[in-house]
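**Student:**
Numbering (this note's numbering), first residue to last: 173 to 960.
1. Taking 6 Å as the limit between beta carbons, can you name the residues of its chain near residue 607, skipping five residues before and five after?
2. Taking only runs that begin and end inside the region 902-952, name each unbroken beta strand (DSSP E) of 3 or more residues, in chain order.
3. In terms of residues, what are the limits of the alpha helix (DSSP H) holding residue 330?
4. Leaving aside the five residues before and after residue 232 along the sequence, list all residues of the same chain whose C-beta is less than 7 Å from its C-beta, in chain order.
5. Rounded to a whole number of angstroms, what is the C-alpha to C-alpha distance between residue 506 and residue 940?
6. At the level of alpha carbons, what is the spacing between residue 776 and residue 238?
7. In whole angstroms, what is the alpha-carbon distance linking residue 807 and residue 935?
8. By the DSSP assignment, the alpha helix (DSSP H) with residue 829 in it spans what residues?
9. Taking only heavy atoms of the ligand SAM into account, decide whether any of them is closer than 7 Å to the Cβ of residue 610.
10. Return the CA-CA distance between residue 336 and residue 441, expressed in angstroms with no decimal places.
11. Exposed or buried, which one is residue 943 when buried takes at least 16 other CB atoms within 10 Å?
12. So what's residue 177 in DSSP terms, helix, strand or just coil?
13. Rounded to the nearest angstrom, what separates residue 959 and residue 494 at their Cα positions?
14. Taking the alpha-carbon positions, what's the residue 240 to residue 216 distance?
15. Can you list, in chain order, the residues of its chain with a C-beta nearer than 6 Å to that of residue 376? Leave out the 5 residues immediately preceding and following it.
16. My assumption, with CB atoms under 8 Å, is that residue 599 sits in contact with residue 707. Please give the rounded CB distance.
17. Return the residue from the list 691, 699, 321 and 656 that minimises the CA-CA distance to residue 664.
18. Can you give me the Cβ contacts of residue 192 inside the same chain, cut-off strictly under 6 Å, excluding the 5 residues immediately before and after it?
19. Helix, strand or coil for residue 321 per DSSP?
20. Could you check the C-alpha separation between residue 461 and residue 677 for me, to the nearest Å?
21. What first and last residue would you give for the alpha helix (DSSP H) that runs through residue 689?
22. Please determine, among 187, 208 and 211, the residue with the shortest C-alpha to C-alpha distance to residue 220.
23. What's the C-alpha gap between residue 743 and residue 876?
24. What would DSSP say about residue 855, mapped onto helix, strand or coil?
25. I want to know whether the region 426-437 touches the region 481-501 - three or more CB-CB distances under 8 Å.
26. Is it buried or exposed for residue 684, if we count other Cβ within 10 angstroms and need 16 for buried?
27. Are the CB atoms of residue 392 and residue 434 within a distance shorter than 8 Å?
28. Count the other C-beta atoms from every protein chain shown that fall within 10 angstroms of the C-beta of residue 879, then say buried if there are 16 or more, exposed otherwise.
29. For residue 549, name the three-state secondary structure that DSSP assigns.
30. At 4 residues or longer, what runs of the alpha helix (DSSP H) sit wholly inside the region 440-526?
31. Taking residue 468 as the reference, give the member of 894, 455 and 447 with the closest Cα.
32. If residue 222 and residue 251 are in contact, beta carbons under 8 Å, what's the gap, nearest whole angstrom?
33. Could you give the residue range of the beta strand (DSSP E) that holds residue 641?
34. Under 6 Å Cβ to Cβ from residue 473, same chain only, skipping five residues before and after it: list those, please.
35. Where does residue 956 land, buried or exposed, given buried means 16+ other C-beta within 10 angstroms?
36. Let's test the definition: count the other Cβ atoms within 10 Å of the Cβ of residue 399 and tell me whether it reaches 16, buried, or not, exposed.
Here's what the structure looks like:
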């Protein structure tokens with residue numbers, strides 16, 4: 173217990189059991205005579221061994237040790253202590269072993285290797301998923317505040333649980349009634365003799381804290397707080413909400429809400445509907461997370477109208493504890509979930525989100541609507557349950573890197589989800605179209621081009637088959653059958669096009685010339701869909717103002733059906749871009765040498781030693797930092813009049829670029845890249861003066877990514893710029909050094925890690941030269957602030 177928290181650090185693990193906090197283990201390190209090394213040791217109570225407690229303690233000790241300048245841990249373990257040896261083996265640290273006299277000596281660096289990070293993230297993901305299981309797969313539920321009246325929230329929730337067929341034990345809690353809706357009621361949670369895994373709290377806000385205390389004493393694993401009146405109401409409400417979260421975490425409970433709509437799991441083994449929604453959603457493969465309860469009800473209603481079902485649903489409200497990151501971890505391995513849908517008003521922990529979403533998106537698609545794009549939308553979001561509206565460029569960068577499909581509207585979200593939830597992913601961008609109306613087909617073709625899709629060139633055999641069966645000759649894609657086409661013509665054409673090897677996706681566009689023919693045409697589309705390879709997605713546009721014919725709603729092979737021709741193009745385009753993201757290489761980040769890191773930190777710490785609240789580095793200091801990571805810096809004069817390094821680039825070639833790092837308060841470092849226009853053909857100092865004072869010519873043509881940026885991320889940033897074709901040639905000259913620009917971007921991303929105090933770095937102008945000439949920084953600014 174004699175700790176100084178630098179040379180001797182100890183951590184304890186505790187657990188909440190039977191209303192008391194109990195000690196279950198400890199870990200410590202003691203620094204020896206070598207200041208870079210420390211001995212580490214653990215002790216975990218027998219009945220809690222094998223749960224990962226020592227591993228978690230080791231992770232925390234490693235972080236503390238690194239901050240204290242300790243680069244290596246040592247440990248002596250008895251040869252038969254297999255569990256402790258397993259802790260070190262599975263930690264992710266690179267462990268070296270030596271044995272003597274039955275004792276194994278272990279030594280390993282405290283640095284976070286790729287293996288350590290992967291192991292740590294996997295443990296975190298598994299723990300989050302297992303904790304969410306208490307919420308979505310409980311064996312017993314208590315509704316605290318259950319009411320006889322279904323018009324009250326507690327009554328509606330209890331009725332939904334009963335009528336939805338919840339398979340576990342169900343307990344209504346109401347201190348003013350002997351029974352609720354025909355079921356024996358309990359005066360309080362304490363009166364229930366059986367264990368309760370999930371408690372749904374729907375009592376006035378003043379009573380919520382007391383009910384959570386009772387849940388903690390009773391050993392409840394998770395609580396869903398429906399009640400409003402907390403963080404969304406102001407500072408006092410946020411303080412109370414913080415207490416609720418700390419109470420839940422201290423006792424080991426997960427907390428959904430407060431100010432939420434509830435949770436649903438349609439799985440046949442659970443059948444949990446713990447919401448007050450009037451919509452009883454059918455079972456399906458869509459997992460939904462919504463911050464807004466009202467929008468959650470709307471989402472459930474629209475999915476029901478589109479004949480789409482859900483696997484599970486969580487409306488998290490204020491997100492005091494359980495967040496979208498937890499649900500993403502759960503859905504990643506949930507066999508009942510094929511598509512994940514997120515409605516977000518803010519992104520709580522962007523780095524955790526990026527990691528969780530990226531890992532899950534490699535397995536199954538994630539579709540998200542993030543509100544607050546506009547300034548007005550941001551103000552509304554700040555006054556709603558989100559309490560924070562993030563910079564939209566940062567959200568776009570975050571989603572792009574994590575593989576999340578972002579839609580601009582709720583309508584387009586439903587369009588995209590309809591494809592992803594019912595169809596296989598497209599193998600390519602080539603679309604085959606069959607229509608009886610030329611106008612809608614033209615609109616569809618235009619939308620395809622805008623979405624990065626193309627219309628297939630049909631094989632000769634397909635064209636000959638169509639010409640032999642159809643009246644209209646000279647078939648091309650779109651296959652326009654004319655309004656005179658019969659349902660059999662429609663079926664034959666869809667089957668022929670759908671089986672063409674040049675076609676990756678099929679879309680049928682039908683405008684009924686006679687309303688009475690609608691049912692027959694719908695049946696023809698359904699029959700044709702059954703004859704198309706199951707690895708090809710199919711969709712329909714059925715331009716009909718009445719109810720969609722049953723043949724398209726109940727077909728054996730699901731067919732997402734749209735009212736307008738642009739909608740399936742948008743949905744298929746999103747699916748194809750997702751496929752491209754999933755198949756792309758992950759890329760590599762730039763890792764500076766230890767010498768480079770030491771050089772940079774020496775410059776930074778020397779500058780910061782002068783004191784103050786912020787520091788603007790001199791050009792000379794910035795040049796040293798940039799060159800340490802391999803960025804070329806042209807000759808420039810700093811404020812002392814001394815000049816440094818090489819000659820300026822040839823003014824007759826190249827273009828001006830801008831690159832920057834800016835610190836977003838929520839998302840962390842953002843890496844930016846844009847074009848500044850052609851290099852002015854001026855001489856020497858005059859050219860340099862103009863370039864250093866003018867602003868970029870393409871200020872609205874800038875790409876962003878979140879740190880860390882890999883070489884693949886950097887290449888995508890450059891390709892996404894509208895002016896990226898300027899890299900190909902300047903005044904019919906040679907192409908420019910794209911690889912040098914990629915190298916520069918990954919290097920300034922590395923600087924964001926080495927210099928966490930950096931709040932701004934602007935490299936402008938940058939002269940991008942022909943291949944071999946590189947990307948040369950002509951001027952730069954860097955600003956530091958103390959770490960918060």
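Glycine residues also receive a C-beta, built at the ideal position from the N, C-alpha and C atoms. Here the structure is a predicted model, which means the values were calculated and not measured.
**Tutor:** According to the structure data:
1. 613, 650, 652 and 681
2. 930-940 and 947-949
3. 325-335
4. 183
5. 48 Å
6. 19 Å
7. 14 Å
8. That residue, residue 829, is in no alpha helix (DSSP H); its beta strand (DSSP E) goes 827-836.
9. In the structure on display, the ligand SAM does not appear, and there are no ligands present to speak of.
10. 12 Å
11. exposed
12. coil
13. 28 Å
14. 25 Å
15. none
16. 7 Å
17. 699
18. none
19. coil
20. 29 Å
21. Segment: none, residue 689 is in no alpha helix (DSSP H) and carries neither H nor E.
22. 187
23. 24 Å
24. In this predicted model, residue 855 has a pLDDT of only 40, less than 50, meaning its place in the structure is not dependable enough to derive any value.
25. yes
26. buried
27. no
28. buried
29. In this prediction, residue 549 has a pLDDT of 35, which is less than 50 and means its spatial position is unreliable; what the coordinates show is noted afterwards. Here residue 549 sits in helix by DSSP.
30. 465-477 and 496-504
31. 447
32. Incorrect: roughly 19 Å between the Cβ atoms, too far for contact.
33. Not the beta strand (DSSP E): residue 641 falls in the alpha helix (DSSP H), residues 632-641.
34. 451
35. buried
36. buried
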